Amino acid sequence: MIHIVSDNSLKEISFKKLENCILKLNNKNLIYNRQEKHTINIQLLKNKEIIELNKEFRNKDYLPDVLSFDYRQEKMFEHELSGEVFISLEKAKQQATDKKHSLNDELIFLIIHGILHVLGYDHKNDKQEAEMKNLEQAILNLYKI
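Just add 6 to the spot in the sequence shown (first one is 1) and you have the working numbering.
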């Protein structure tokens, strides 16, 4: 199960499109290739908020577009969170403009990227980065994003 937490008054975001994409991700084994059940919260934040999270939990002082926290090793009960994904809405807007696509498409990409991190994928070296990018692209292609 994936939950999006945000200010629903944001008119430029089609929450329905995001929800449909997430439902597809929930119903396919492309990401969830394990028997585990996952609960992931996704939060859309302001730049200031995500910078503070980055400082507090990663000791890094810069504006990330997405932060992911994997709690799977810490879970004691099945109903607990598997992880959280935090997205800078302001940075996502800028990246969407720079890439000349919609804010929704940028958010979907960042959500997929963040979920992959929660599920243990990373890009610390070339091999990992290639694997993660290939999986991201496969998911985007599958859902025609």
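Yeah, the Cβ is synthetic: ideal placement off N, Cα and C, and Gly gets one too.
Source: prediction; values computed, not measured.
Handout entry: Nearest neighbour of E96, chosen from Q143, I46 and L50 [CA to CA]
Key = L50
Handout entry: Nearest residue (CA-CA) to D128, options I57, S74, D111 and Q101
Key = S74
Practice task
Quick one: grab the DSSP three-state call for L141.
Solution key: Reduced to three states, the DSSP call for L141 is helix.
Practice task
Using only the heavy atoms of the ligand ATP, determine whether one of them is closer than 7 Å to the beta carbon of K61.
Solution key: Absence of the ligand ATP from the depicted structure is noted, as is the absence of any ligand whatsoever, leaving it without description.
Practice task
Look at E86 and N47 and say whether their C-beta atoms are less than 8 Å apart.
Solution key: no
Practice task
Could you have a look at N110 and say whether DSSP puts it in helix, strand or coil?
Solution key: helix
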